[in-house]
Each structure stands twice: as C-alpha cells, then as structure tokens.
Amino acid sequence: KNIKDYFKNKAVTILITVTMIIIVDAFKIPNPAIVCLIGVVFSAFIGGYIYGSISGIITFVYCAYFFSDNHSIIYYNNENEYKLLVIVLALVTMVFMVGALKKSVDNHTKELEIANSKLMELSITDELTGLYNYRHFINT
1195 KNIKDYFKNK AVTILITVTM IIIVDAFKIP NPAIVCLIGV VFSAFIGGYI
1245 YGSISGIITF VYCAYFFSDN HSIIYYNNEN EYKLLVIVLA LVTMVFMVGA
1295 LKKSVDNHTK ELEIANSKLM ELSITDELTG LYNYRHFINT
C-alpha cells in the first residue's frame, strides 16, 4: 500500500467513529458503547489492528466522558467503573478478533492472486515447449 491509502483508511476510521458518536449523542442513546462498537468493528475490518485501535481509543474516550460523574472524565461511581472495564475488554477483544480476520483475508487474497497469475501464465503457454500458444495471440 502507498501513503495515499494509509491516510484514506485513517480518515475513514476517524469519520466512522465520530459519526457513531454523533448518532449516539443526537439520539441520547443510553449505552453508547454498543453503537460505537459498530464503528470499531468496521474500522478494524477496513484497516486491521491499527485502525481498529484508533477507533477503539476514540470510542473509549467518549465512553469515559459519557459515564463519568458530571462529565469530568476523572470521577466515576462503582457501577460506571465496572461499565468502563467491560467496554475496554469488549473493545480490545473486537479489535483483535476482527484484526485477525482481516489479516487472514488479506493473506488468502494474496495467495489467490498469485495462483490466478500462475493459471493465466499456464493458459497462454504451451506446456511442452514453454512457447506462447494460440490463446496468447488472440488475447493480445
């Protein structure tokens, strides 16, 4: 991948996460982690571990703000501390699970591309002589 793809994926990750947070805030959803987790999963699928982690950190910061006492981000009651712990565990689990699936899909895609190029080469060359066959001249 080139630099352009890196910034495009990063921007999409941030945009998806921020969009989920805006939706949560606009509709006064009582448990923002559920909705924001959709953005984390999607971001991890788009860009793997790194982008999922960025999205997860943004989601965690918003949830920490949402569940804090008087939105101070430092003070929490016992119930909200427990909620944040569960949110962290869910975010980390989702990022690793989806990131691993993304890595697997990418590896299998590369293997299929290599196999496909080998098949294309075999389809246009004579097996015995290694010279181009009739199909090569029709396709060119």
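Note that my numbering has the sequence shown beginning at 1195, numbered continuously upward.
No residue lacks a Cβ here, since even glycine has one placed at the ideal position from N, Cα and C.
If you're wondering where the values come from, they're calculated on a predicted model, not measured in any experiment.
Here threonine 1207 is buried: its Cβ has 16 or more other Cβ atoms, across all protein chains shown, within 10 Å. Less than 8 Å separates the beta-carbon of glycine 1233 from that of isoleucine 1210. Each of Ser1247, Val1212, Leu1295, Asn1271 was checked against the Cα of valine 1229, and the nearest Cα belongs to Val1212. Bounds of any alpha helix (DSSP H) do not take in lysine 1222, whose DSSP letter is neither H nor E. In this structure, tyrosine 1259 lies away from lysine 1204, with their beta-carbon atoms at least 8 Å apart. Counting the other CB atoms within 10 Å of its CB gives serine 1266 a total below 16, which places it among the exposed residues. Nearest Cα to asparagine 1327 within the set Tyr1269, Thr1319, Asn1333: Thr1319. In the three-state reduction of the DSSP assignment, tyrosine 1276 falls in the helix class. Exposure of serine 1311 is indicated by the presence of fewer than 16 other C-beta atoms within 10 angstroms of its C-beta. With a threshold of 16 other beta carbon atoms within 10 Å, isoleucine 1216 falls short and is exposed. In the structure shown, threonine 1319 falls within a strand segment according to DSSP collapsed to helix, strand and coil. Under DSSP, tyrosine 1259 takes part in no beta bridge, so it has no partner. Look at tyrosine 1270 here: in three-state DSSP terms it is coil, with no helix or strand label.
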